[in-house]
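What follows is a short report on a single structure.
Protein chains: 2
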Amino acid sequence: MAENLKTILSSQTKTVEISRDKPTVIIGERINPTGRKKVQAALEAGNFDIIRQDAADQVAAGADILDVNAGVPGADEPTLMRQVMRVVMEVTDVPLSIDSNNTEALKAGLELYEGKALVNSVNGEERSLQAVLGPVKDHGAAVIGLCMDDDGIPETPEARLAVAARIIERATSLGIPIEDVIIDPLTLTMGADSQAGKITLQTIELVIKEFGVNITMGASNISFGLPDRKYINAASVAMAVYAGATCPITNPLVTEIRTAILAADLTLGRDVHAMRWIKAYRQRKAA
Amino acid sequence: MAENLKTILSSQTKTVEISRDKPTVIIGERINPTGRKKVQAALEAGNFDIIRQDAADQVAAGADILDVNAGVPGADEPTLMRQVMRVVMEVTDVPLSIDSNNTEALKAGLELYEGKALVNSVNGEERSLQAVLGPVKDHGAAVIGLCMDDDGIPETPEARLAVAARIIERATSLGIPIEDVIIDPLTLTMGADSQAGKITLQTIELVIKEFGVNITMGASNISFGLPDRKYINAASVAMAVYAGATCPITNPLVTEIRTAILAADLTLGRDVHAMRWIKAYRQRKAA
Numbered sequence: 000m001a002e003n004l005k006t007i008l009s010s011q012t013k014t015v016e017i018s019r020d021k022p023t024v025i026i027g028e029r030i031n032p033t034g035r036k037k038v039q040a041a042l043e044a045g046n047f048d049i050i051r052q053d054a055a056d057q058v059a060a061g062a063d064i065l066d067v068n069a070g071v072p073g074a075d076e077p078t079l080m081r082q083v084m085r086v087v088m089e090v091t092d093v094p095l096s097i098d099s100n101n102t103e104a105l106k107a108g109l110e111l112y113e114g115k116a117l118v119n120s121v122n123g124e125e126r127s128l129q130a131v132l133g134p135v136k137d138h139g140a141a142v143i144g145l146c147m148d149d150d151g152i153p154e155t156p157e158a159r160l161a162v163a164a165r166i167i168e169r170a171t172s173l174g175i176p177i178e179d180v181i182i183d184p185l186t187l188t189m190g191a192d193s194q195a196g197k198i199t200l201q202t203i204e205l206v207i208k209e210f211g212v213n214i215t216m217g218a219s220n221i222s223f224g225l226p227d228r229k230y231i232n233a234a235s236v237a238m239a240v241y242a243g244a245t246c247p248i249t250n251p252l253v254t255e256i257r258t259a260i261l262a263a264d265l266t267l268g269r270d271v272h273a274m275r276w277i278k279a280y281r282q283r284k285a286a
Numbered sequence: 000m001a002e003n004l005k006t007i008l009s010s011q012t013k014t015v016e017i018s019r020d021k022p023t024v025i026i027g028e029r030i031n032p033t034g035r036k037k038v039q040a041a042l043e044a045g046n047f048d049i050i051r052q053d054a055a056d057q058v059a060a061g062a063d064i065l066d067v068n069a070g071v072p073g074a075d076e077p078t079l080m081r082q083v084m085r086v087v088m089e090v091t092d093v094p095l096s097i098d099s100n101n102t103e104a105l106k107a108g109l110e111l112y113e114g115k116a117l118v119n120s121v122n123g124e125e126r127s128l129q130a131v132l133g134p135v136k137d138h139g140a141a142v143i144g145l146c147m148d149d150d151g152i153p154e155t156p157e158a159r160l161a162v163a164a165r166i167i168e169r170a171t172s173l174g175i176p177i178e179d180v181i182i183d184p185l186t187l188t189m190g191a192d193s194q195a196g197k198i199t200l201q202t203i204e205l206v207i208k209e210f211g212v213n214i215t216m217g218a219s220n221i222s223f224g225l226p227d228r229k230y231i232n233a234a235s236v237a238m239a240v241y242a243g244a245t246c247p248i249t250n251p252l253v254t255e256i257r258t259a260i261l262a263a264d265l266t267l268g269r270d271v272h273a274m275r276w277i278k279a280y281r282q283r284k285a286a
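So the protein sequences, as listed, match chains A and B.
Each step along the first sequence adds one to the number in numbering that gives the first Met the number 0, with nothing skipped, and position 122 is 121.
Each step along the second sequence adds one to the number in numbering that gives the first Met the number 0, with nothing skipped, and position 241 is 240.
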């Protein structure tokens with residue numbers, strides 16, 4: 000059983016500690032034009048009002064970190080990444096997760112950022128390892144490692160662990176501290192494979208037992224194609240937190256998800272006197 | 000690690016298997032006058048309409064077993080238990096959990112019942128062990144063992160395991176098969192002690208590791224005194240199912256609880272092609 004590791008991220012003014020001894024850290028997922036045509040159109044028109052709103056709303060709803068993705072098809076992504084990050088940093092002061100599969104956009108974001116950012120993401124493909132880990136190391140950032148490689152997402156928890164191990168090995172061999180690698184076990188949808196959730200939970204358990212690193216996961220893909228997704232996402236994220244996920248990427252504006260994470264922390268004894276629970280309840284009532 | 004055991008319960012026409020390989024079994028909690036003045040008054044007046052409605056509604060909402068408690072203060076409980084059980088058996092055909100701390104009421108229920116009932120409950124007090132286990136053995140029933148004794152509910156998971164061990168030892172020494180003892184770890188409210196949920200989850204893990212028996216638990220006491228209880232109960236029951244609880248006692252009419260249990264089964268790979276999830280969704284839509 001590996002020791003539980005702590006990841007520290009920071010903005011210019013705020014520090015966030017990710018650890019199984021602390022309440023779960025929510026990475027807000029909404030600043031992402033993928034699949035959001037309105038956001039794409041606004042960004043193409045140079046209108047950042049939606050971004051400002053999404054940033055402020057997510058932090059108000061409990062996001063501790065904001066994921067920033069500027070992947071508009073055909074756009075100059077490095078430039079757009081910097082623009083979106085500037086807008087987000089104007090209205091909030093939480094640490095950012097710089098999200099792109101475009102290495103130049105990641106570098107542009109890292110160069111702009113002041114503090115210790117999270118890079119979303121590297122995976123087990125040789126090309127990804129070579130492109131992403133260097134800039135992560137150069138900027139002293141942390142990085143999310145996805146359990147997939149050239150052959151796609153492995154079917155078994157053991158094979159996903161092997162990909163995590165490869166990413167961790169490469170990162171640490173470059174001098175990135177192991178605690179700055181956060182593993183995403185990846186989740187296929189249970190709408191297509193009813194074993195998908197179980198495989199993800201087992202991967203989380205294996206990776207923690209072996210490496211003790213922090214674990215992120217997208218908290219909504221698991222229910223794709225199924226009805227009443229919010230209830231599935233709520234239960235599965237609570238179970239993932241129990242398994243050891245520490246920083247899910249999700250939408251804190253969905254009451255069922257936000258409350259599931261808070262209630263999971265409460266049930267795991269991480270909310271002394273239920274003060275976070277009661278505070279969030281009062282916020283919901285006042286909203 | 001003990002082998003996972005299966006408990007079989009039955010009515011005259013239906014059999015229910017409780018096992019960690021199967022979907023979670025819901026024991027409906029509502030047929031219980033405790034704290035429900037309207038139900039008490041109706042039972043005192045010999046009016047069983049509420050009981051009929053509660054029985055039918057809970058089964059329609061997914062209860063696999065119905066808990067029947069007839070504890071009206073001052074009433075002739077053995078007689079009332081038989082009356083309530085008859086009414087319930089008129090309108091539903093699921094197995095029953097005969098719930099009383101009055102030994103004569105338990106015996107009256109067991110004598111009336113045809114099939115294999117669950118007896119709710121015995122605890123680690125010498126008086127309880129002596130009064131309850133004999134009738135359970137005589138009628139070939141299964142029994143819920145509560146992790147408490149003359150000193151109350153132990154504070155630590157290890158001490159609760161010790162009570163479970165004592166109950167299991169006494170039951171098996173009388174010839175009750177170990178798989179017919181279902182352990183309730185008990186849950187204090189997190190409103191008073193923020194470690195209460197964690198202690199319950201750890202007790203579940205310990206009892207399963209040691210004995211492999213099935214686990215029940217009241218799914219709502221954990222949130223007593225806190226606001227927005229349904230969200231806490233939903234997350235904590237999903238986590239308890241992941242820990243190994245197999246037959247929570249709860250109110251399936253609360254959408255958040257019913258969906259949390261179904262989603263936990265789905266996430267654990269116990270709902271092939273998500274058919275139970277989709278069926279329950281259609282039922283909710285049609286309601």
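Think of the CB as a built atom: it goes at the ideal place given N, C-alpha and C, for glycine as much as any other residue.
Quick caveat, the model's predicted, so the values are computed rather than measured.
In the DSSP assignment, A237(B) forms no beta bridge with any residue. Taking one beta carbon from each stretch, the region 240-259 of chain B and the region 277-286 of chain A have fewer than 3 pairs nearer than 8 angstroms; the two do not touch.
Taking all protein chains in view, the Cβ of E125(A) is surrounded by fewer than 16 other Cβ atoms within 10 Å, so the residue is classified as exposed.
The beta-bridge partner set that DSSP reports for S9(B) consists of T14(B), K115(B).
Here T249(A) carries a strand assignment [DSSP, helix/strand/coil]. Across the structure, I182(A) and I231(B) are spaced so that their CA atoms are roughly 27 angstroms apart.
Put simply, of D137(A), A191(A), A279(A) the residue whose alpha carbon is nearest the alpha carbon of A170(A) is D137(A).
The C-alpha of S99(B) lies about 24 angstroms from the C-alpha of T12(B). At least one CB of chain A lies nearer than 7 angstroms to the CB of M238(B). Against K197(B), the close residues of chain A are T266, L267, G268, in the order they occur along the chain (beta-carbon pairs closer than 8 angstroms). When Cβ-Cβ separations below 7 angstroms define contact, A273(A) makes contact with chain B.
For M189(B), a Cβ of chain A is located within less than 7 angstroms of the residue's own Cβ. By the neighbour-count definition (other C-beta atoms within 10 Å, threshold 16), P176(B) is an exposed residue.
For the pair of segments examined, the region 195-209 of chain A was found to touch the region 262-269 of chain B: the number of CB pairs separated by less than 8 angstroms reaches three.
For D183(A), no chain B residue has a C-beta closer than 9 angstroms to its own C-beta; the minimum C-beta separation is roughly 17 angstroms. Residues of the region 224-254 of chain A with a Cβ closer than 7 angstroms to any Cβ of chain B, in chain order: L225, P226, D227, Y230, I231, A233, A234, S235, A237, M238, Y241.
The beta carbon of K106(A) is closer than 8 angstroms to those of P77, P134 in its chain, skipping five residues each way along the sequence. E255(A) counts as buried, since at least 16 other C-beta atoms from the protein chains shown sit within 10 angstroms of its C-beta. Annotated three-state conformation of N232(B) is helix, per DSSP. The CB of Q194(A) comes closer than 7 angstroms to the CB of G268 in chain B, given here in chain order.
Every alpha helix (DSSP H) of 4 residues or more that sits fully in the region 247-282 of chain B is shown, in chain order, as 254-266.
For A170(B), the enclosing alpha helix (DSSP H) begins and ends at 156-172. Annotated three-state conformation of S99(A) is coil, per DSSP. Burial check for R257(B): the Cβ neighbour count within 10 Å reaches 16 or more, so the residue is buried.
I214(B) sits in a strand when the DSSP states are folded into three classes. Restricted to the region 67-97 of chain B, the alpha helix (DSSP H) segments that are unbroken, complete and at least 4 residues in length are 76-90, listed in chain order.
The Cβ of Y280(B) sits closer than 7 angstroms to at least one Cβ of chain A.
For A263(A), the nearest beta carbon of chain B is closer than 7 angstroms to its own beta carbon.
Per the coordinates, the alpha-carbon of I7(B) lies some 51 angstroms from the alpha-carbon of S96(A).
In this structure, the straight-line span from the alpha carbon of N220(A) to that of G73(A) is close to 25 angstroms. Proximity to V67(B) across N46(B), A59(B), P94(B) peaks at P94(B), based on C-alpha coordinates. V86(B) has its alpha-carbon roughly 35 angstroms from the corresponding atom of D227(A).
The straight-line gap separating the alpha-carbon atoms of L225(B) and S193(A) is approximately 34 angstroms. Assignment of I175(A) by DSSP, reduced to helix, strand and coil, places it in the coil class.
Under the Cβ criterion of 7 angstroms, T258(A) is counted among the residues facing chain B. The beta-carbon distance between G123(A) and I166(A), rounded to whole angstroms, is 6 angstroms. This is short enough to meet the 8 angstroms contact definition.
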